[in-house]
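Taken in sequence, the protein lines are chains A and V. If you count the first sequence from 1, position 38 lands on 38 in the UniProt record's numbering, and the numbers rise without skipping. If you count the second sequence from 1, position 173 lands on 173 in the UniProt record's numbering, and the numbers rise without skipping. Each residue gets a CB set at the ideal place from its N, CA and C atoms; glycine is no exception.
Number of protein chains: 2
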Amino acid sequence: MQKKLIEVCYTPADYEYFKGRFDIIVVIDVLRATSAICSAIHNGVNSVIPVSTIEEAKEYQDKGYLVGAERQGEIVEGFDFGNSPYSYMKPELKGQDIVLSTTNGTRAINIAKDAPTVVIGALTNLNFLCNWLIEQDKNVLCLASGWKDKFNLEDTICGGAIAESLLKTGKFTSNDDSSVAAKYLFLAAKDNYFGFLKSSSHRRRLKKLNLNEDIKFCLTPNSMDVIPILRNDRIEKLEF
Amino acid sequence: MQKKLIEVCYTPADYEYFKGRFDIIVVIDVLRATSAICSAIHNGVNSVIPVSTIEEAKEYQDKGYLVGAERQGEIVEGFDFGNSPYSYMKPELKGQDIVLSTTNGTRAINIAKDAPTVVIGALTNLNFLCNWLIEQDKNVLCLASGWKDKFNLEDTICGGAIAESLLKTGKFTSNDDSSVAAKYLFLAAKDNYFGFLKSSSHRRRLKKLNLNEDIKFCLTPNSMDVIPILRNDRIEKLEF
């Protein structure tokens, strides 16, 4: 039986070197877009519509949608919320369709959207997602959102965690050095994500903005059994 | 006193995100271009002229130069040698000006050539190079050559080794996650480069070509006290 691929791509800019060879793309933006999307879908939000630009976000707002917009870690003026996972846990959001535009995460989702299947990964839904991926028996690419097309540590570690989980079943293989390195970084980080990521540039960025509670939430694995999936340009709950 | 920067850039494609902020660029292609260049300069070759394309290499050959050309790990037909470090140790090369074109390394050198200073790094000249870099007290970027614009493990580990060496003096700092991750990968690899890199894709590629002796040589640190430096489009020995 031929093994399936599990690879880790570090940035949306690198996606062109991986494109076309994978059945499932897992988009990862641990701090904080994909953690927020998991929170929203877990909380009963009907769908999250990811848009790349502030202009698109404004168009949805004019049509009456609730819209989250974040740039440089902060809520964009005039929008309802940013990408704090806590914003998406409010009871009044249940059943709603909401719109989200972030610096990196929603851009990565839109870059990947031509793939057969796009799902949302974070540390918060790690094990639940990995178990589902293993059952699918398809070629999987973890697409880290990075920071403005540069490598970032927390998304790579989350990708490495997924790679490690799939590889140890013996049913998957990795060919790319980026995947091997992501796995090693996960193994070095896994006993203390919080301590390991002290040196992460984005964590430093968010700390300046007093977002320590958000960071703790996003770096705590397996708080949610949920898989958000992209269908017709909207992210919904995968029911199975 | 303000600390100087030491950062690691994973591929020539990523160089645009780093460009302009560094005084010294260290170009790294451990398997095998920069290891071969260190060998050549250490062996007394007068200069190595790095060219990006096979066409340029042929033009030099027509003018009577000895020319090395490698693509996909193999010597390009019609040229004198490829990028095996052993090819550059021959006594008849002493004092000569030779030309080299390789898949990744010479491309990285040419991408970096507008920087104030470009030097050649490998594991073979690691400590000698690091000591010199520390003395310069300038902003340093390690530019890994990668494999066709994708991340590669051995160049990243070499960059991480340089970063670790400079950071531990307390006179340098890193801001980018790529540098932090490179340092962690070096720390995981440092006691056994050969074992750690068993899973490297390029090592597998070269192993198929029966280049195990080359790999051993390139992964053995500190066999040469030499710093090749780019001056007027030629790589020469830095005398100091």
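- Per the coordinates, the alpha-carbon of Ser87 of chain A lies some 10 Å from the alpha-carbon of Asp214 of chain A.
- For Tyr184 of chain A, the chain V residues whose C-beta falls within less than 7 Å of its own C-beta are Leu185, Ala188, listed in chain order.
- Residue contact with chain A for Lys150 of chain V: present (Cβ-Cβ distance below 8 Å to some residue of chain A).
- CA-CA distance, Asn232 of chain A to Thr117 of chain A, rounds to 11 Å.
- Partner residues in the beta bridge of Lys237 of chain A, as assigned by DSSP, are A:Pro228.
- Taking a contact as a CB-CB distance under 8 Å, the pair Ala188 of chain V and Ile6 of chain V does not count as one, their CB atoms being some 19 Å apart.
- Of the candidates V:Val30, V:Ala13, V:Cys9, V:Cys9 places its Cα closest to the Cα of Ile24 of chain V.
- DSSP, read as helix, strand or coil, puts Leu166 of chain A in helix.
- Annotation: Arg203 of chain A to Thr34 of chain A spans about 16 Å, alpha carbon to alpha carbon.
- Leu153 of chain V has a beta carbon lying within less than 8 Å of a beta carbon in chain A.
- Using a CB distance cut-off of 8 Å, Asp176 of chain V counts as an interface residue toward chain A.
- Closest by C-alpha distance to Asn46 of chain A, out of A:Asn104, A:Leu93, A:Lys171, A:Asn192, is A:Leu93.
- Asp62 of chain A: member of the alpha helix (DSSP H) spanning 54–62, first to last residue.
- Residues of the region 192–207 of chain V whose Cβ lies closer than 8 Å to any Cβ of chain A, in chain order: Ser199, Ser200, Ser201, His202.
- Using a C-beta cut-off of 8 Å, the region 131–141 of chain V makes no contact with the region 38–52 of chain V, since fewer than three inter-stretch Cβ pairs fall below that distance.
- Runs of the alpha helix (DSSP H) lying entirely within the region 115–161 of chain V and spanning at least 4 residues, in chain order: 126–136.
- No Cβ-Cβ contact shorter than 8 Å links Leu219 of chain V with Phe186 of chain V.
- Counting along the chain, no beta strand (DSSP E) covers Ala13 of chain V, and no H or E run does either.
- In the DSSP assignment, Leu31 of chain V falls outside any beta strand (DSSP E) and carries neither an H nor an E.
- Phe217 of chain A sits in a helix when the DSSP states are folded into three classes.
- Between the alpha carbons of Leu238 of chain V and Tyr15 of chain A lies a gap of roughly 39 Å.
- Within the region 65–94 of chain V, the runs of beta strand (DSSP E) that reach at least 3 residues and sit entirely inside it are, in chain order, 66–71.
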